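Residue numbers (this note's numbering), protein chains in the order written: chain A, 1 to 558; chain B, 1 to 558. See below for the structure under consideration.
2 protein chains.
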Amino acid sequence: MKVVVVGGVAAGPKTASRIVRLRPDAEVVMFEKGNSLSFAGCGLPYFVGGVVKQHTDLMMTPAGAVRNAGFFEKVKGVKVRPRCEVTTIDRAKRQVAYTELESGVTGVESYDKLVLATGGRPVRPPIPGINLTNIFTLHTIDDSRAVKAALVKTAARNVVIVGGGLIGVETAEALLGKVDQLTIVEMMPQILTMLDWEMALLAQRHMEANGVDVRLNCRVEGFIAGADGQSVAAVRTPQGELPADFVVLAVGVRPNAELAKAAGLAVGALGGIATDAHMRTNDPDIYAVGDCVESRHRITGQPCYVPLGSTANKHGRVAANNICGVADTFPGVLGSTVCKIFDFNIARTGLSTEAARAAGFDVVTCIAPGPDRPHYMPTFKSLIIKLIADRKTGRLLGAQAVGPGGADKRIDVAVTALSAGMTVDDISKLDLVYAPPYAPAMDNLITAADIIKNKIAGLAEGLTPEEVKQRMDAGANFVLLDVRTPPEVATAALPGAMQIPLGVLRERLAEVPRDKEVVCFCQVSLRGYEAARMLKNAGHPNVKILDGGIAAWPYEKA
Amino acid sequence: MKVVVVGGVAAGPKTASRIVRLRPDAEVVMFEKGNSLSFAGCGLPYFVGGVVKQHTDLMMTPAGAVRNAGFFEKVKGVKVRPRCEVTTIDRAKRQVAYTELESGVTGVESYDKLVLATGGRPVRPPIPGINLTNIFTLHTIDDSRAVKAALVKTAARNVVIVGGGLIGVETAEALLGKVDQLTIVEMMPQILTMLDWEMALLAQRHMEANGVDVRLNCRVEGFIAGADGQSVAAVRTPQGELPADFVVLAVGVRPNAELAKAAGLAVGALGGIATDAHMRTNDPDIYAVGDCVESRHRITGQPCYVPLGSTANKHGRVAANNICGVADTFPGVLGSTVCKIFDFNIARTGLSTEAARAAGFDVVTCIAPGPDRPHYMPTFKSLIIKLIADRKTGRLLGAQAVGPGGADKRIDVAVTALSAGMTVDDISKLDLVYAPPYAPAMDNLITAADIIKNKIAGLAEGLTPEEVKQRMDAGANFVLLDVRTPPEVATAALPGAMQIPLGVLRERLAEVPRDKEVVCFCQVSLRGYEAARMLKNAGHPNVKILDGGIAAWPYEKA
Chain A
1 MKVVVVGGVA AGPKTASRIV RLRPDAEVVM FEKGNSLSFA GCGLPYFVGG
51 VVKQHTDLMM TPAGAVRNAG FFEKVKGVKV RPRCEVTTID RAKRQVAYTE
101 LESGVTGVES YDKLVLATGG RPVRPPIPGI NLTNIFTLHT IDDSRAVKAA
151 LVKTAARNVV IVGGGLIGVE TAEALLGKVD QLTIVEMMPQ ILTMLDWEMA
201 LLAQRHMEAN GVDVRLNCRV EGFIAGADGQ SVAAVRTPQG ELPADFVVLA
251 VGVRPNAELA KAAGLAVGAL GGIATDAHMR TNDPDIYAVG DCVESRHRIT
301 GQPCYVPLGS TANKHGRVAA NNICGVADTF PGVLGSTVCK IFDFNIARTG
351 LSTEAARAAG FDVVTCIAPG PDRPHYMPTF KSLIIKLIAD RKTGRLLGAQ
401 AVGPGGADKR IDVAVTALSA GMTVDDISKL DLVYAPPYAP AMDNLITAAD
451 IIKNKIAGLA EGLTPEEVKQ RMDAGANFVL LDVRTPPEVA TAALPGAMQI
501 PLGVLRERLA EVPRDKEVVC FCQVSLRGYE AARMLKNAGH PNVKILDGGI
551 AAWPYEKA
Chain B
1 MKVVVVGGVA AGPKTASRIV RLRPDAEVVM FEKGNSLSFA GCGLPYFVGG
51 VVKQHTDLMM TPAGAVRNAG FFEKVKGVKV RPRCEVTTID RAKRQVAYTE
101 LESGVTGVES YDKLVLATGG RPVRPPIPGI NLTNIFTLHT IDDSRAVKAA
151 LVKTAARNVV IVGGGLIGVE TAEALLGKVD QLTIVEMMPQ ILTMLDWEMA
201 LLAQRHMEAN GVDVRLNCRV EGFIAGADGQ SVAAVRTPQG ELPADFVVLA
251 VGVRPNAELA KAAGLAVGAL GGIATDAHMR TNDPDIYAVG DCVESRHRIT
301 GQPCYVPLGS TANKHGRVAA NNICGVADTF PGVLGSTVCK IFDFNIARTG
351 LSTEAARAAG FDVVTCIAPG PDRPHYMPTF KSLIIKLIAD RKTGRLLGAQ
401 AVGPGGADKR IDVAVTALSA GMTVDDISKL DLVYAPPYAP AMDNLITAAD
451 IIKNKIAGLA EGLTPEEVKQ RMDAGANFVL LDVRTPPEVA TAALPGAMQI
501 PLGVLRERLA EVPRDKEVVC FCQVSLRGYE AARMLKNAGH PNVKILDGGI
551 AAWPYEKA
């Protein structure tokens, strides 16, 4: 059996190595047109930021071997053709044509099975001035070295990052403190669109508190050249001209599906190569893996494109198994992502509120802020969890976490729960590990699940921060009831709130008007919930809770 | 409805508060015989160690309110009888008799529903000298203050901890650096018996490296008084007399089930009050929650006793719901536990290898060491994961993690997977969050699941460190093949190993004898696995892998 693998960065090498391990008789040839084999692309922002010292660190095995062509041949038994581009696929003859990029020499290589791992590429939108120098993307090792060089060369005072998605915010973290003025320009009304917008706003506030200028609803109109007429000097936007010693473009990644398309292979709705669960294309002898492929969402069954090294590795293993006769399937993704922005950990999985509604679910959500360890442990950090669930069945649909606390742990549990189709009731009874250095006795995720259960049971009715803000802005005649203690109120408050600490609320119930909507809150809205129960139990007809309390309030505080 | 709750530390207050929230018409009376209401018992070692500064911190809400009788009445609407012991239950009359401990006044209180939350108590085995002073347990706030006082008073030079379970090792962490000589005396052949023994040995080695003297197979024979004839001065063991300025007993906790038993309520095989999944005893008007109850294991269905604050909170909520007419069930526990020992995080869930075999499973295990973030991130820490699975179905049965890396996250994912009955194949395809600050592209748990899959598929055959050590000790005629590089071998090696780096193994295959069992390893046995595949593919008939490589080797290294 002869297998040709096109692409040598992540999914390609994974597939190739696994095939050789399974089938020693297989001849595996791997083509890579770029300069670097098998490098950790996800590590590029950390090399730019100086966390990773050498770019070669991103190309080494844990044992310190550089993953070059010799490594693949000697250790993995995979033949490599570096700097060699596959230009066409002849499916009838089962062969690919290639060009050696250094010499221009062309040739053909036959295959029994073909694996496409052609990756993705950063989008470069056709904006006027896009071809000026010093407008970088951050996709290859060469890119990252160019950004580092620009930092030194320009003594960069002003840097503009176009795009407030994952790469954009990771790049902002990498550059902060190395430049005078860092601006993120985002054309959408929020950064990090995989988050619900109030969660994204909390992340944005944290970036702003760290000195990043975040511009929303701001579409780049053009890049303006400096005195040399060649390199960028400013970015033109509806919000004015932003001076820029250099620009990082981070407006998304698109699958490299051209080679497949030209060969008549099916391409999906999002432009990625279409495969079945075996990672096989519509040609039974051709597989596709990694960032060139679009995946299926495990909840909606719809195509989705979330290029990640973690998924690439899973794809590679599944494809290799099937090629070697071991039936294996890839079940799809949940759109799980995580990123670090300064002191915040931001993670999410599953459907957002909007996506869940669009998929036809009757959605119930909660916002649960709290310490990620018992509050008496000085090591605790705060974390805000939002859960999205189906009101009818209680099934979890999505989870998001933002804050200095352990977001990745809670979202990984949510990933597992989503994969199993668990309900919030199932989650609330998980025997998660507990000791004070690790979690509160009721883990943040369990508390969040309990809040959703209370809402479904009709014990608690929540308003999102946005809904309360709308009432405020409209001058609605409602009571916003703050049940915190006076010292807490003194640190931050919401405008126009009535203040009755929970400890005296039982005695002062008469002060709360019965003819108005009452919205209770506290720091995290747990005492707000107790207050709402007290009021309801005392016969108040219209009592609600501000989801997440003042801790998750993303607007101005008094 | 009138509800009487017996016990005011954890499960009791939880049940009481939830009942009042659900049923404002309910009258709830809570009895507590001890000095403190609603304190965080799990925090006691951290108060002793100085991480938590004030013992009152363990008695406060996150908002800083002390949970005393006034707090429960004003805020929660629960009437409290502090320092008041319930002495008998008259089930026919539905009333309890009590004694006020300060005044000696007795009385009765009637109930419609009764909740027993009588907790557990530390075992004090009947060893000669057990009643000497300065032999402490660590169960109440008073206990922890006594230990702290003894530290000051004795200028403690020598301290002996009896018991190497969770409380014992947490106490060791708390006391280290505050005393001259710290000894743990454990009667079993390993500490932390919830771990497989080689995992426990790794934990023990870490304790020893931090200066703790750990004595295994060492049963305390007696406590010897000092010159005053009253306070302990030494601990007599088969391994000699150990001087002790004070002793901490940490040999387990037993449920306080006497009150229930005297009332004719059913008690389980492990001595805890028996309940159904609704947390109801065999009397339909009496519920039991928290440390006085024995739970059911979610995998085996067998009773198990794992007293934890996390479980107590869940019990309380389920009992309150059922008492208030909202059907709810507690599904049991997985024996999940976690503890911190110096720089090690130690977590486990589900069945140990031994328990899985005892339950009749055909067990397959793996040991997977690796960095908990990409190796190029300077923030990575190492972690060793052991998975236990059913060979026939691939179903996960248990998981254990030991090391400086993120053990709690991986075990919480395993908890969720176990609760859903997932297989290792399901786990290997979880869309866990991935970015370099949080996890490797293939999360440690996914790598571990893949190793089990390889073993089940017959691609890899592992030997545990114990099995290899037995061959060594028996002078067996086998080849131990180290495929690491010479610089790695120079740092630590296994005695008698043949050394051929993986990079040249393809060329030097002929040097490996074909007529002997060959056991391959490297740092973590991933390259060991590649070497084994190469040898198998080259026709070697008997090739195995040392599970976990040198990283998980718990014995002496050369």
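Glycine is no exception: its CB is placed at the ideal position from the N, C-alpha and C atoms. The structure presented is a predicted model; accordingly, all values stated were derived computationally and were not measured.
Taking Ile299 (chain B) as reference, the option from B:Ile323, B:Arg254, B:Gly360 with the minimal CA-CA separation is B:Gly360. A buried status is given to Glu198 (chain B), since no fewer than 16 other beta-carbon atoms sit within 10 Å of its beta-carbon. If you draw a straight line from the Cα of Phe71 (chain A) to the Cα of Leu502 (chain B), it comes to about 10 angstroms.
Contact annotation: Glu241 (chain A) and Ala250 (chain A) have beta-carbon atoms that are not nearer than 8 angstroms. Residue environment analysis places Pro554 (chain A) among the buried positions, since at least 16 neighbouring C-beta atoms fall within 10 angstroms of its C-beta. For Val289 (chain A), the CB contacts under 6 angstroms within the same chain, skipping 5 residues up- and downstream, are Ala11, Thr15, Ala117, Met279, His315, Gly316, Ala319 in chain order. With a threshold of 8 angstroms between beta carbons, Leu116 (chain A) makes no contact with chain B. When Cβ-Cβ separations below 8 angstroms define contact, Phe330 (chain A) makes contact with chain B. For Tyr305 (chain A), no chain B residue has a C-beta closer than 9 angstroms to its own C-beta; the minimum C-beta separation is roughly 14 angstroms. Here the stretch 171-178 of chain A lies against the stretch 336-355 of chain A, with 3 or more beta-carbon pairs under 8 angstroms apart. Thr183 (chain B) has B:Val160, B:Asp213 as its beta-bridge partners, per DSSP. Distance from the Cα of Gly177 (chain A) is smallest, within the candidate group A:Gln239, A:Val185, A:Gly211, for A:Gly211. For Pro128 (chain B), there is no enclosing beta strand (DSSP E), as DSSP marks it with neither H nor E. Under a 10 Å Cβ-count criterion, Glu32 (chain A) is classified as buried, with 16 or more other Cβ atoms of the shown protein chains found around its own Cβ.
The C-beta distance from Thr237 (chain A) to Cys218 (chain A) rounds to 5 angstroms, short enough to fall under 8 angstroms. Under DSSP, Arg280 (chain B) shares a beta bridge with B:Tyr287. Apart from sequence neighbours up to five positions away, the residues of its chain that approach Gly539 (chain B) with a beta-carbon distance below 8 angstroms are Arg514, ordered along the chain. Residue pairing by DSSP places Lys113 (chain B) opposite B:Val3 in a beta bridge. Judged by DSSP in its simplified three-state form, Cys42 (chain A) adopts helix. Going by DSSP, Arg527 (chain A) is part of the alpha helix (DSSP H) stretching over 526-537.
For Leu192 (chain A), the nearest beta carbon of chain B is not closer than 8 angstroms to its own beta carbon. When the alpha-carbon of Arg21 (chain B) is set against those of B:Lys386, B:Met498, B:Cys324, B:Thr154, the nearest one is in B:Cys324. With fewer than three CB-CB distances shorter than 8 angstroms, the stretch 154-167 of chain B does not count as touching the stretch 60-76 of chain B. Excluding the 5 residues flanking it on each side, Ala262 (chain B) has same chain C-beta neighbours closer than 8 angstroms at Thr88, Ile89, in chain order.
For Asn345 (chain B), the pairing in a beta bridge is given by DSSP as B:Lys340, B:Gly403. Put simply, the backbone Cα of Arg157 (chain B) is about 36 angstroms away from that of Glu466 (chain B). The beta carbon of Leu151 (chain A) lies closer than 7 angstroms to those of Lys178 in the same chain, with the five residues before and after it left out. Contacts between Lys429 (chain B) and chain A, judged by CB atoms closer than 7 angstroms, involve Lys314, Phe330, Pro331 in chain order. With a threshold of 8 angstroms between beta carbons, Arg527 (chain B) makes contact with chain A. Look at the stretch 533-545 of chain A: the residues with a C-beta under 7 angstroms from a C-beta of chain B are Arg533, Asn537. For Gly252 (chain A), the closest alpha carbon among the candidates A:Glu102, A:Arg121, A:Val3 is that of A:Arg121. The stretch 413-423 of chain B and the stretch 412-424 of chain A touch, with three or more beta-carbon pairs separated by less than 8 angstroms. The three-state secondary structure of Met199 (chain A), taken from DSSP, is helix. If you ignore the 5 residues before and after Ile427 (chain A), its C-beta comes within less than 6 angstroms of the C-beta of Ala417, Ala449, all in its own chain and listed in chain order.
For the pair Ala266 (chain A) and Val306 (chain A), the Cα-to-Cα distance works out to about 19 angstroms. Taking Glu461 (chain A) as the centre and dropping the five residues before and after it, the same chain places the C-beta of Lys544 closer than 6 angstroms to its C-beta, in chain order.
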